[in-house]
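Going by our numbering, the first residue of the sequence shown is number 427, and it counts up by one from there. Notes for the one structure printed next.
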Amino acid sequence: MDLEEKKELVLRNTDEIVTEEELEEVLEEKNEPNTYVGYETSGPVHLGHWASIRKLSDLQKAGFNLKVLFADLHTYLNKKGEEDWIQSMTEYWEATFEACGLDAEFHRGRGFQEKTEYFHDVLEMSLNTTINRGQRSMSEVASGDDDSRAVSQVIYPLMQALDIEYLDVDVAMGATDQRKIHMLAREALPKIGYRKPTCLHHPLVVSLQGTEKMSSSKPKTMFPLHASIETVVERIEDAYCPQGEVEENPVIQICQFHIFGDDEELHIERPEEYGGDIHYETLEALEKDFESGELHPQDLKNSVAQHIADKLKPVREKFKNNPELLECLEEIGHEKPDYVE
427 MDLEEKKELV LRNTDEIVTE EELEEVLEEK NEPNTYVGYE TSGPVHLGHW ASIRKLSDLQ
487 KAGFNLKVLF ADLHTYLNKK GEEDWIQSMT EYWEATFEAC GLDAEFHRGR GFQEKTEYFH
547 DVLEMSLNTT INRGQRSMSE VASGDDDSRA VSQVIYPLMQ ALDIEYLDVD VAMGATDQRK
607 IHMLAREALP KIGYRKPTCL HHPLVVSLQG TEKMSSSKPK TMFPLHASIE TVVERIEDAY
667 CPQGEVEENP VIQICQFHIF GDDEELHIER PEEYGGDIHY ETLEALEKDF ESGELHPQDL
727 KNSVAQHIAD KLKPVREKFK NNPELLECLE EIGHEKPDYV E
């Protein structure tokens with residue numbers, strides 16, 4: 427695979443690379459560069475997280491070594507739960523990622539963030555970062571309102587920046603809500619003698635309801651990757667999908683990231699009276715028919731729902747065989763799916 431082919435894989439279905447020149451240097455100079463994503467382990471692994479798993483797979487095809495950080499200590503500092511529960515959640519997250527077939531190194535924050543050298547670097551970073559800058563960098567990811575923010579939530583972005591160095595990351599990846607923290611990392615790390623990371627940002631996935639942010643506390647806006655077939659089908663069939671609209675359409679976005687973006691095709695079954703079966707090899711062809719009205723939203727939803735439900739079978743099998751891993755989710759109101767009861 428040549429440089430341009432690698433770049434195309436890295437950049438597809440993303441919003442921004444900071445910077446393209448730096449990415450080219452990484453691809454030219456390193457045979458197996460490192461990339462990573464960090465996740466707070468505070469709720470179910472859902473459709474929105476699946477987009478970043480999909481993006482990691484693209485980077486792996488482009489020759490990157492994948493590192494996944496389950497940010498247990500960050501989760502605690504962001505006031506998302508107590509330590510024992512967070513560790514149980516982390517086990518559930520790791521099991522989900524394994525079931526998705528991701529071939530990656532899995533790391534836990536506490537494995538290196540509580541060491542003396544790391545702590546000293548946090549202090550050095552704090553000397554070079556204003557409180558206002560730290561607060562601004564957390565504006566997209568901090569829990570609670572402005573008046574209830576804790577000092578820990580200013581330490582959080584300093585640690586996230588240092589994670590990039592301590593995991594030897596060449597390209598840091600995240601959704602667009604991570605951009606401000608990544609820009610802080612690019613500014614602050616060189617001040618204490620570390621490299622400026624290249625940063626890749628992919629779009630946040632649109633809520634299935636189309637009107638609000640996807641959230642694990644609002645079930646109809648998403649579905650967990652371990653959800654039953656019935657739940658996946660129901661949520662997709664109830665999704666916002668107005669005829670002719672392809673922008674900010676969650677069903678089209680599922681096609682973009684998880685079907686065509688995974689080098690798959692989509693077969694749509696429909697009665698002869700409605701045009702008969704149709705097969706799509708590209709997102710562009712599907713969008714053209716959807717905009718023109720040739721492809722009806724209900725036919726699209728039916729086929730996408732079944733395709734995605736089939737694709738998530740390994741995740742269901744994982745928890746069918748290990749139902750105890752889902753007990754931590756029950757503590758925050760998420761019932762186990764029927765197939766494990």
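Ideal Cβ positions, reconstructed from N, Cα and C, are used throughout, including at glycine.
Q: Could you check which residue in Val659, Asp736, Glu710 has the C-alpha nearest to that of Asp725?
A: Val659
Q.
Restricting to Cα atoms, I'd like to know which of Asp703, Tyr700, Glu707 is closest to Asp689.
A. Glu707
Q: Could you check what DSSP says for Thr467 in three-state terms: helix, strand or coil?
A: coil
Q.
Going by DSSP, what residue range makes up the beta strand (DSSP E) through Asn748?
A. No beta strand (DSSP E) contains Asn748, which DSSP labels as neither H nor E.
Q) Would DSSP call Leu495 helix, strand or coil? A) strand
Q | Cys681 versus Ala711: straight-line alpha-carbon distance, rounded | A | 12 Å
**Q.** Start-end ranges of the beta strand (DSSP E) lying completely within the stretch 617-676, minimum 3 residues
**A.** 624-628
Q: Keeping to the same chain, check which residues put their C-beta closer than 8 Å to that of Leu721; ignore five residues upstream and five downstream.
A: Ile694, Ile704, Leu712, Asp715
Q | Bounding residues of the alpha helix (DSSP H) (the contiguous stretch that carries Arg605) | A | 605-614
Q | Among Tyr544, Lys505, Ala601, the one whose alpha carbon lies nearest that of Glu566 | A | Ala601
(Q) By the DSSP assignment, the beta strand (DSSP E) with Phe686 in it spans what residues? (A) No beta strand (DSSP E) contains Phe686, which DSSP labels as neither H nor E.
Q | Given Glu767 as reference, the closest of Leu752, Thr637, Asp603 once Cα atoms are compared | A | Leu752
Q: Find the nearest neighbour of Val471 within the set Cys754, Lys505, Asp764, judged by alpha-carbon distance.
A: Cys754
Q) Does the stretch 540-560 come within contact of the stretch 588-602, defined as at least 3 CB pairs closer than 8 Å? A) yes
Q) Is Leu610 closer than 7 Å to Pro583 when the C-beta atoms are compared? A) yes
Q: Name the residue from Val632, Glu691, Met599, Gly687 whose alpha carbon lies nearest to the alpha carbon of Ile662.
A: Val632
Q) What's the gap between the Cα of Ile581 and the Cα of Ala598? A) 19 Å
Q) Can you name the residues that DSSP bridges to Met599? A) Leu626
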